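Q: Got a structure for you, questions after.
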Amino acid sequence: MFGHVKGAFTGAISDKKGRFELAHKGTIFLDEIGEMSMHTQVKLLRVLQEEEFERVGGTESIKVDVRVIAATNKDLAKAMEKGEFRNDLYYRLRVVPIYLPPLRERKDDIPHLIKHFVGKLNNEMGKEINNVSPRVMDFLMDYDYKGNIRELENILEHAFVRCQGNTILAEHLPKDLFGAAEKLPENIIADSDNPLMAIERELVLKMLNQYKWKQGEVAKKLHISRATLWRKMKQHKIEVPRLYSPNQ
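See below:
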């Protein structure tokens, strides 16, 4: 993060700018801030308070004007109590905190993330995978995602490597997940010219069935308005069964 000067350590054959120096007059993103060593925390605190630092092995103070955005999946308040994270640094960073719920609590985001990663992986690997089987979609919707979005991306990347066709199947999932995927019920949907729309339709239909077509509850679980749910049902030509119509 802070760079080094020539001769600071073995292999340091020339001066090198650090991330903060490169981000001068801009923004730097510090990921997994909770894993930072106490020594590095002290150096970071100085940058935040005094807007200056020294490169490793150097004595010259370098001034920087940087906006810092930090992220972590740790509870930093608890880390402070355990002496693993500095109190002063915590309050320096906690100016405008943003809490992002874990992916398992944002199920409605999953189809959009799948669409994003499918496009990204197709570009990176030169493939034309444009569909996810209903069994895999069910699994991805129900999975716990302890690793959050990164884990979803890793699962899809693994599947892309193994998939030789244009549809990701349960057999393409990582082996440690395959057993869970095999337990998924078989679902059948017709081939679609727009697979991602088919995925959304399958999700809406699944949630409606799960909550016995109580549209208010389904909309709440999907974090959308009831009006939005109604529009999606109309778009996908999903009609409420007569059995449930009087209760809506």
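Positions 13 to 260 (our numbering) are the ones given, in order, by the sequence shown.
All C-beta atoms, glycine included, are put in the ideal place defined by N, C-alpha and C.
No experiment lies behind these values; they were computed from the predicted model shown.
Ordered along the chain, which non-local residues of its own chain (more than five positions away) have a Cβ less than 7 Å from that of Leu-60?
A: What you label residue 60 is simply residue 48 of the sequence shown in a count that begins at 1. Closer than 7 Å at the Cβ level, and outside the excluded window around Leu-60, lie Val-80, Arg-104.
Q: Just the Cα atoms here: how many angstroms apart are Ala-20 and Gly-70?
A: For this step, residue 20 is matched to residue 8 along the sequence shown. For this step, residue 70 is matched to residue 58 along the sequence shown. So the two alpha carbons sit approximately 8 Å from each other.
Q: If you run the structure through DSSP and keep just helix, strand and coil, what is Val-216?
A: For the purposes of this step, residue 216 is identified with residue 204 of the sequence shown, where counting begins at 1. Here Val-216 sits in helix by DSSP.
Q: My assumption, with CB atoms under 8 Å, is that Ile-8 sits in contact with Leu-168. Please give the rounded CB distance.
A: Residue numbering for the chain in the displayed model covers 13 to 260; residue 8 lies beyond these limits and cannot be assessed.
Q: Given a cut-off of 7 Å on the beta-carbon distance, is the pair Leu-217 and Ile-250 in contact?
A: Here residue 217 refers to the residue found at position 205 of the sequence shown. Here residue 250 refers to the residue found at position 238 of the sequence shown. Yes. Within cutoff.
Q: Might you give, ordered along the chain, the residues of its own chain that have their beta carbon closer than 7 Å to the beta carbon of Ile-40, omitting 5 neighbours on each side?
A: Working through the sequence shown from its first residue, we reach residue 40 at position 28. Correct list, in chain order: Arg-31, Phe-32, Val-78, Val-80.
Q: Could you give the uninterrupted runs of the alpha helix (DSSP H) lying entirely in the stretch 95-174, keeping only those of 4 residues or more?
A: The stretch 95-174 contains these whole alpha helix (DSSP H) runs: 99-105, 122-137, 146-154, 160-174.
Q: What are the start and end residues of the alpha helix (DSSP H) that includes Glu-93?
A: Working through the sequence shown from its first residue, we reach residue 93 at position 81. From DSSP, the alpha helix (DSSP H) with Glu-93 extends over 88-93.
Q: My output table needs one value for Val-12: the three-state DSSP class, helix, strand or coil.
A: Outside the shown range of the chain, which is 13 to 260, sits residue 12, and nothing can be said about it.
Q: Just verifying my parser: in three-state terms, what is the DSSP assignment at Ala-35?
A: Counting from 1 along the sequence shown, the entry for residue 35 is found at position 23. Ala-35: coil per DSSP, three-state reduction.
Q: From Leu-115 to Thr-22, what does the alpha carbon distance come to, in whole angstroms?
A: Within the sequence shown, the letter at position 103 stands for residue 115. Within the sequence shown, the letter at position 10 stands for residue 22. So the alpha carbons of these two residues sit roughly 43 Å apart.
Q: Please report the distance separating the alpha-carbon of Leu-34 from that of Phe-14.
A: Within the sequence shown, the letter at position 22 stands for residue 34. Within the sequence shown, the letter at position 2 stands for residue 14. Their Cα atoms are separated by approximately 10 Å.
Q: For the alpha helix (DSSP H) that contains Ala-239, what are its first and last residues?
A: In the sequence shown, the residue the question calls residue 239 occupies position 227. Run containing Ala-239: 238-247, per the alpha helix (DSSP H) assignment.
Q: State the start and end residues of the unbroken alpha helix (DSSP H) segment that holds Lys-55.
A: Here residue 55 refers to the residue found at position 43 of the sequence shown. First-last of the alpha helix (DSSP H) with Lys-55: 50-62.
Q: Take the Cβ of Asn-221 as the centre, count every other Cβ of all protein chains shown within 10 Å, and call the residue buried at 16 or more, exposed below.
A: Residue mapping note: residue 221 aligns to position 209 of the sequence shown, counting from 1. It counts as exposed.
Q: Mind checking which residues open and close the beta strand (DSSP E) that includes Ala-182?
A: Locating residue 182 in the sequence shown gives position 170, where the first residue counts as 1. From DSSP, Ala-182 is part of no beta strand (DSSP E); its letter is neither H nor E.
Q: Excluding the 5 residues flanking Asn-99 on each side, which residues of the same chain have their C-beta closer than 8 Å to its C-beta?
A: Working through the sequence shown from its first residue, we reach residue 99 at position 87. So the qualifying residues of the chain are Met-92.
Q: Roughly how many angstroms separate the alpha carbons of Ile-141 and Pro-109, rounded to a whole number?
A: Numbered from its first residue, the sequence shown carries residue 141 at position 129. Numbered from its first residue, the sequence shown carries residue 109 at position 97. So the alpha carbons of these two residues sit roughly 38 Å apart.
Q: Could you tell me whether the Cβ atoms of Asn-132 and Met-153 are closer together than 7 Å?
A: Taking the sequence shown and counting its residues from 1, one reaches residue 132 at position 120. Taking the sequence shown and counting its residues from 1, one reaches residue 153 at position 141. Note on identity: in this sequence residue 132 is Lys, with Asn being the wrong assignment. Going by C-beta atoms, Lys-132 is not nearer than 7 Å to Met-153.
Q: Taking buried to mean at least 16 other C-beta atoms within 10 Å of its own C-beta, is Leu-112 buried or exposed?
A: Within the sequence shown, the letter at position 100 stands for residue 112. Leu-112 should be labelled exposed.
Q: Could you spell out the range, first to last residue, of the beta strand (DSSP E) harbouring Val-80?
A: Taking the sequence shown and counting its residues from 1, the one referred to as residue 80 is at position 68. Per DSSP, Val-80 belongs to the beta strand (DSSP E) from 79-82.
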